[in-house]
Amino acid sequence: MNASTITVSNGQEFYRIPVTDLAEAKQDGFYVPAEKQRTIVSDGTELFEVPLSDVAEAEADGFHDILVGERAAVSDLEATAGPMTGHVDVIPLTTRSSAEPSPVPVKIEVEAEAAGGETSSVATSPVKVEVQTESAEGEEDEETLTANRRQLLGVFGFSSLVHAAAVLILLSIIIPIEMEDRVEILSALPTVDQENVKFEEVALVQPEQIEQDETSEVVQELITDSDKVLEIDINDLEISSAIPEKTKGAGNPVAKITGELGGRSRAGRSALVARYGGNAASESAVRAGLEWLSRHQNADNGSWSFDHVHADCQGSCSQAGSLKKSHMGATAMALLAMLGSGETHFVGNYREQVYKGFDYLLTYAKPTPNGLDLRGVAEGNTGMYIQGLATMALCEAVVMSEMALKQRSRSSRAKTRNKEGVDRKVATASLKRLRAASQLALNFIMRAQDPGNGGWRYQPRKGGDTSVLGWQVMALKSGQMARMQILPDTIRKASYYLDSVQIDGGAAYGYTGPQRKVSTTAVGLLSRMYIGWGRKEPALEAGVKLLAATGPSRNDMYYNYYATQVLHHWGGEEWQNWNKVMREQLVKSQRRKGHAAGSWDVADSHGGAGGRLYMTSLCVMTLEVYYRHLPLYQQAGELKAPTARKSRKRSGTKGSRKAGDGR
């Protein structure tokens, strides 16, 4: 702000206007952030409007308050002249002279004030704003604005180089596909009567209780204590030699794995929870669920157990799972729940628990010629389920570690490191080892795919079913997000398998054959989304409508978990209606008293083997849907600005431009 301009917001867009125009701007619904005890923060690439009470937390995440000077000027002006009023003439947030270079687009995500004076995040869409240099009246303002512009240009240039390098790496992996190998749906999608279609009830095959000896083989430790860096290097396992051979003629299938993690920082979660339909109650439920999980970690080795036997329980936590030895699976599920809320072994409230959990996974992982076997003691039919879950956790840890390193870089100029500061040497060593383990675990999944039908089942290369396939596809997607090597032929074969179990032209899916089953339909549709079906795919639209018409279940959390992701990625009215029911159902059914507080009772026939820990992990991950993954069809970089509200024609506004024009 200079003597004649001020920043205003309507909760969705920011503008810089003449102070004399403020009165009319307020009539149009705009306000001065400083007057509502709010401000705008930026990390150099993104901006958020947040309450002043959250500035310290945002600064801990690497953001800085860009309205400090303006807020002081507003206070001084009000102290001398009273509340600011005037005539509105909306112009860009900042102005630039014709001699200056073109502005750099910066994505802006904003939050607004809730009714009743309480501050909370409000669902908004990012808008593009041109960051431009204002004609400063003083030498100090000009120098500051020039420095800020150079900083943003540097960030934009570096980001462009990184993304260009990533694209080149991915292009070097993918083999061009022959036209005759492409998968196409040639038949027309049959018309489905949404009101009359009903899903068949199905009971998923439950794992049999098979006694097996505990695996004691130890893998080199891949993550490090906060005060030392291990010298052991998993690169000795020769990653390249363990990658499956590429099938002749394999290429990039019609469908490719897409999507990225996003929004797991504290500032990001706040914005995305509001935008996609979460609220304070859902976030409180997530925190309570994570607290219950942290209390039920095994103190002796850092694992979790579906049996959730714990000294502190003393029998107060009922519904223990029957899978007493599948610690790898239970540990993976607990870690996924924590990672989904931004908790890592470097940052968060449960750093020690996350560290010990990954230490357990990698201690009991088994190196094999086919890759890293994470199944541990696989009771009954749990083997490949566990492999998929644990691989997902490793890959997500890679992405989160990279985020921690970036955060460390942003805050490296601080004189003192806050309590969650990341030691770069430790983080780099940890990331290197986690990345190696993740690739090896993905190699095991790719080698375990059935060569005949393209699916996965309980044992490697032994047929396929849609339920097991779903976890492997999610693991492969997580690997893609971590920039791992994924064989295109693996994805193409998975698509072939889905073709073999689909019905209604791909709108519904069976367990091992073409049937209309509620849970496997959700799994099949999510898998189709992850391996490339676009939003305009008729079968996907028909499938989404089937799930939306069915609605959330009160006794099948497995279905709810998958269907919630499908509807979230789809968006629109279907998601809004689904979310209202699903969110409230989970919040209200969470245990609130006693030692079981924060957990969920097992309410379906499929959850008995996993028990309370399985149920709680699934419920937490379902409530994290708002920020766990950005919607596939509305990624952060593709979010469209809301349609501008048409305002009254104003006099004397020639030459004024709305923020974001000229993109």
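Convert by adding 594 to the 1-based position in the sequence shown; the result is the number in this note's numbering. Just so you know, even glycine gets a beta-carbon here, dropped at the ideal spot from N, CA and C. Quick caveat: nothing in here was measured; it's all calculated off a predicted structure.
Check: Nearest neighbour of residue 1128, chosen from 1160, 1108, 1145, 1148 [CA to CA]; Outcome: 1160
Check: Sequence ranges, alpha helix (DSSP H) only - wholly within the stretch 865–915, length at least 4; Outcome: 874–889
Check: CA-to-CA distance, residue 1175 to residue 918, given in whole angstroms; Outcome: 33 Å
Check: Close beta carbons around residue 1157, own chain, < 6 Å, minus the five adjacent residues each side; Outcome: 1116, 1141
Check: Where residue 1074 falls, given that 16 or more other Cβ within 10 Å makes a residue buried; Outcome: buried
Check: Contact belief for residue 911 with residue 902 at Cβ below 8 Å, rounded distance in angstroms; Outcome: 6 Å
Check: Completely contained alpha helix (DSSP H) runs for the stretch 1126–1201, where each covers 4 or more residues; Outcome: 1132–1144, 1151–1164, 1166–1183
Check: Coarse secondary structure for residue 657, derived from DSSP in three states; Outcome: coil
Check: Residue 1259 versus residue 642 - alpha carbon distance; Outcome: Summary: the structure shown does not reach residue 1259, with the chain confined to residues 595 through 1257, and so no result is reported for it.
Check: CA-to-CA distance, residue 1093 to residue 1107, given in whole angstroms; Outcome: 10 Å
Check: Contact under 9 Å by Cβ, residue 1204 with residue 915; Outcome: yes
Check: Residue 614 versus residue 636: straight-line alpha-carbon distance, rounded; Outcome: 27 Å
Check: Residue 1102 - partner residues in DSSP beta bridges; Outcome: 1097
Check: Beta-bridge pairing of residue 1029 - partner residues as DSSP gives them; Outcome: Paired residue(s): none; residue 1029 is not in a bridge.
Check: Collapsed DSSP secondary structure at residue 663 in the structure displayed; Outcome: helix
Check: Same chain, Cβ closer than 6 Å to residue 666, neighbours up to 5 away in sequence not counted; Outcome: none
Check: Alpha helix (DSSP H) segment containing residue 1212, residue limits; Outcome: 1205–1217
Check: Residue environment, residue 662, which counts as buried when at least 16 other CB atoms sit within 10 Å; Outcome: exposed
Check: Straight-line Cα distance separating residue 645 from residue 1134; Outcome: 40 Å
Check: Assumed close pair residue 1137, residue 1088 - CB separation to whole angstroms, cut-off 8 Å; Outcome: The pair is not a contact, with the Cβ atoms about 17 Å apart (cut-off 8 Å).
Check: Extent of the continuous alpha helix (DSSP H) to which residue 957 belongs; Outcome: 945–957
Check: C-alpha distance - residue 1091 paired with residue 1067, whole-angstrom precision; Outcome: 12 Å
Check: CB contact flag (residue 1065, residue 978, <9 Å); Outcome: yes
Check: Counted within 10 angstroms of its Cβ, other Cβ atoms place residue 877 as buried (16 or more) or exposed; Outcome: buried
Check: N-terminal and C-terminal residue of the beta strand (DSSP E) that residue 1270 is part of; Outcome: One cannot answer for residue 1270 here, as it falls past the ends of the chain, which runs 595 to 1257.
Check: N- and C-terminal bounds of the alpha helix (DSSP H) containing residue 1063; Outcome: 1060–1075
Check: Euclidean distance between Cα positions of residue 658 and residue 634; Outcome: 8 Å
Check: Secondary structure of residue 851, DSSP reduced to three states; Outcome: Below a pLDDT of 50, predicted positions are generally treated as unreliable, and residue 851, at 40, falls in that range; the measurement from the model is reported next regardless. Correct three-state label for residue 851: coil.
Check: Counterpart residues of residue 634 in DSSP-defined beta bridges; Outcome: 643
Check: Exposure of residue 803, with buried meaning 16 or more beta-carbon neighbours within 10 Å; Outcome: With a pLDDT of only 34 at residue 803, under the threshold of 50, the placement of this residue in the model should not be trusted, and no figure is reported.
Check: Beta bridge counterpart(s) of residue 967 as assigned by DSSP; Outcome: 960
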